[in-house]
Structure formats: C-alpha cells, structure tokens
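Asks:
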Amino acid sequence: MSEPLHIDILDHGFVELIDFMGDDRRCANAARVSVRGDTRERSDKADQGLIARLLADHHTSPFEHAVFQFKVRAPIFVVRQWMRHRFSSFNEESGRYVELVDECYTPAQFRRQVGKRMDYAFENLPPQENSELQAEVQALYRQSYDLYQKMLATGIAREHARMVLPLALYTTFYWTLNALSLMNFLHLRNHEHAQSEIRAYAAVMEDIFKEKMPWTHAAFREHWGTAMI
Ligand SMILES: Cc1cc2nc3c(=O)[nH]c(=O)nc-3n(C[C@H](O)[C@H](O)[C@H](O)COP(=O)(O)OP(=O)(O)OC[C@H]3O[C@@H](n4cnc5c(N)ncnc54)[C@H](O)[C@@H]3O)c2cc1C
Numbered sequence: 019m020s021e022p023l024h025i026d027i028l029d030h031g032f033v034e035l036i037d038f039m040g041d042d043r044r045c046a047n048a049a050r051v052s053v054r055g056d057t058r059e060r061s062d063k064a065d066q067g068l069i070a071r072l073l074a075d076h077h078t079s080p081f082e083h084a085v086f087q088f089k090v091r092a093p094i095f096v097v098r099q100w101m102r103h104r105f106s107s108f109n110e111e112s113g114r115y116v117e118l119v120d121e122c123y124t125p126a127q128f129r130r131q132v133g134k135r136m137d138y139a140f141e142n143l144p145p146q147e148n149s150e151l152q153a154e155v156q157a158l159y160r161q162s163y164d165l166y167q168k169m170l171a172t173g174i175a176r177e178h179a180r181m182v183l184p185l186a187l188y189t190t191f192y193w194t195l196n197a198l199s200l201m202n203f204l205h206l207r208n209h210e211h212a213q214s215e216i217r218a219y220a221a222v223m224e225d226i227f228k229e230k231m232p233w234t235h236a237a238f239r240e241h242w243g244t245a246m247i
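In terms of my numbering, the numbers along the sequence shown are unbroken and rise by one, the last being 247.
#1: From the beta carbon of Gly133, is the nearest beta carbon of chain C less than 8 Å away?
#2: Assign Gly40 to one of two classes, buried (16 or more other C-beta atoms within 10 Å of its C-beta) or exposed (fewer than that).
#3: Regarding Ser107 and ligand 1, is the C-beta to nearest heavy atom distance less than 7 Å?
#4: Helix, strand or coil, according to DSSP, for Phe191 in the structure here?
#5: What first and last residue would you give for the alpha helix (DSSP H) that runs through Leu206?
#6: List in chain order: all unbroken beta strand (DSSP E) runs of 3+ residues lying wholly within the segment 23–52.
#7: Measuring CB to CB, does Phe140 end up less than 8 Å from Gln146?
#8: Do you know how far the Cα of Ile226 is from the Cα of Thr244?
#9: Taking Gly113 as the reference, give the member of Phe203, Leu187, Lys230 with the closest Cα.
#10: Could you tell me if the beta carbon of Leu249 falls within a distance shorter than 7 Å of some heavy atom in ligand 1?
#11: Would Arg44 and Ala84 be called neighbours here (beta carbons separated by less than 8 Å)?
#12: Within the chosen definition, does the segment 212–220 reach the segment 23–33 through at least 3 CB pairs nearer than 8 Å?
#13: On the CB-based measure, 16 or more other CB atoms within 10 Å of its CB, does Val96 come out buried or exposed?
#14: CB Glu193 to CB Phe81, shorter than 8 Å?
#15: Which runs of the alpha helix (DSSP H) fall wholly inside the segment 81–154 and span at least 4 residues, in chain order?
#16: Could you name the residues of the same chain whose beta carbon sits closer than 8 Å to that of Leu195, not counting the 5 residues immediately before and after it, in chain order?
#17: Keeping to the same chain, check which residues put their C-beta closer than 8 Å to that of Leu170; ignore five residues upstream and five downstream.
#18: Tell me the DSSP secondary structure of Trp242 in three-state form.
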C-alpha cells in the first residue's frame, strides 16, 4: 500500500489522508437514483451541472456518499473546537492507556487582541517580546511535563497525572466524515472568523477536498449558504 498523503501543520501537527471513498461522479449518480436515472458515464458538463444544481437547491444528501478518513495531530485546545463537529466520527489516543508525549504547541508568532470583545483585530507581538514569551511558555510546559513524569514515577494513575498537562499538548485522532459534513466544517473553520490554528488545518483539508472532488468543491464555494444544513 502506498504511503498516505501527509502534511505537517504548526510545530508538531499533521494531517494525513488515510482513505477516500467516492468522488464527484458517485454523488451525482446517487442523486440520479431518485428519478431512476441512468448511471452510465455522463459528460463532465452534465455531472458538473447536476452537482452545482444540487448544492444551489440545498439538496445535500447525495454528498453523503463520498467519505474521507483523516489522521490528525493537533493541540488539545484546537481539538476541543474540532470535536464540536458532531456529524463526523472521532477516535482519539487515550491519556488513560498510554503515556502522553512531551509535545506542546508554541506559536511562532504570538498575537495581541486589540479592540472590543466581539469586535477586535490582532497585531503581532514585537520580535523581542515574542521570543521572551516563547521561552517563558516553554519553561512552563517543561515544568508541567516534569511534574507529570514525577507523578507517574510515584505510581499515580495516568488518568490523574495528565490533569497537570497544558491545553497546548498535542493529541492524535482519526476523523471520518462524509463530504457534506466536511463542507460544513470547511465553511465554518476555513473562515476568517475561525481561530487561525484550526484554520491552518481546515485550509489543508480544503486543498485535499478540492483535489479529490473538484466539481463539488467549486459548487461548494459558489453556492454554500450561511445555514445550509
Ligand atoms: C467562529 C466560531 C466560534 C464558535 N464559538 C463557540 C462558542 O463560543 N461556544 C460554543 O459552545 N461553541 C462555539 N462554536 C461551535 C459552534 O457553535 C458549533 O458547535 C460548531 O461549529 C459545529 O458546527 P455544527 O453544529 O454546524 O456541526 P455538526 O455538529 O457537525 O452538525 C452539522 C449540522 O447538523 C445539524 N445538527 C447537528 N446537531 C444538531 C442538533 N442537536 N439539533 C439540530 N440540528 C443539528 C446542524 O444543521 C449542523 O449545522 C463556534 C464555532 C465557530 C466556527
């Protein structure tokens, strides 16, 4: 079997495409069954037109017939946002069963929030302050991980000891979802209102989606409304 597509993200994260089932044509043919349609090979133009029409009309169920499976490594605070996407399947490594790896996210560039609570912008921390803060944050990560190790060494259960670890710790999970759920995720998370860290992952996934399902992707970006599903 060939190696899965693997893309590194942030300082220790990645996305891997483990598997993909279906394609644009599979979704178009799923729609045609409703009129007992002929599912022999159609012209590209006919399939592209049908896909665009389906998405424009919010006839979304045919897009449940293409499925993506990813392996993702991301900081816990990112995964906490990710797991709100209920119409998808998750399996995550267990901090009860395995010792967690000493990998925490340190932003290359810290950002300041400027403005009011619901109406703000970001500005970069100046280079000197940025590197001082990086060092301070990493010292805290080291202290937390050392305490975690000390607790394990004294026999404290992994499920208890992990409570001293930061939200920036990386975790790994499998994520399986259909193209409809993926479009909902991309609409919300590859968006300027999403936090930049989860957006970095969503941008990579949108590239993969575009490569695997170019006609659906084009129709998604043209027609996806603000409350599609
Ligand atoms: C920029 C941003 C900021 C956010 N801020 C917060 C926040 O401050 N606090 C917070 O708690 N969450 C927050 N969220 C999470 C958000 O409210 C959603 O839970 C998350 O984006 C998942 O979206 P979803 O429900 O569409 O996805 P999924 O859970 O995958 O659901 C897909 C679709 O299925 C339908 N659906 C799913 N479950 C139900 C249900 N129970 N009833 C009816 N229809 C359902 C909906 O149409 C939904 O769009 C934020 C999300 C974003 C993108």
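Where is the CB? At the ideal position from N, CA and C, for every residue including glycine.
Keep in mind the model is a prediction, meaning the values are calculated, not measured.
Replies: By the coordinates alone:
#1: Among the chains of the structure shown, chain C does not appear; only one protein chain is present.
#2: Within a 10 Å sphere around the beta-carbon of Gly40 sit 16 or more other beta-carbons, which makes this residue buried.
#3: The nearest non-hydrogen atom of ligand 1 is 7 Å or more from the C-beta of Ser107.
#4: Residue state, collapsed to three classes: strand.
#5: That run of the alpha helix (DSSP H) goes 197–207.
#6: Fully enclosed beta strand (DSSP E) runs of 3 or longer: 23–27, 31–39.
#7: The Cβ atoms of Phe140 and Gln146 do not sit closer than 8 Å to each other.
#8: Unreliable positioning characterises Thr244 in this predicted model, as indicated by a pLDDT of 48, which lies under 50. A coordinate reading is not provided.
#9: Cα-wise, what sits closest to Gly113 is Leu187.
#10: Outside the displayed range of the chain (19 to 247) lies residue 249, so it cannot be described from this structure.
#11: Taking 8 Å as the Cβ cut-off, Arg44 and Ala84 qualify as a contacting pair.
#12: By the criterion of at least three beta-carbon pairs nearer than 8 Å, the segment 212–220 is in contact with the segment 23–33.
#13: Within a 10 Å sphere around the beta-carbon of Val96 sit 16 or more other beta-carbons, which makes this residue buried.
#14: The question names Glu, yet the displayed sequence has Trp at residue 193. Contact: no.
#15: If we require 4 residues or more, the alpha helix (DSSP H) runs fully inside the segment 81–154 come out as 94–100.
#16: Apart from sequence neighbours up to five positions away, the residues of its chain that approach Leu195 with a beta-carbon distance below 8 Å are Val85, Phe86, His103, Phe105, Ser106, Ser107, Phe203, ordered along the chain.
#17: Apart from the 5 residues on each side of it in sequence, Leu170 sits with its Cβ closer than 8 Å to the Cβ of Glu117, Arg176, Ala179 in its chain, given in chain order.
#18: In this structure, Trp242 counts as coil in the three-state DSSP scheme.
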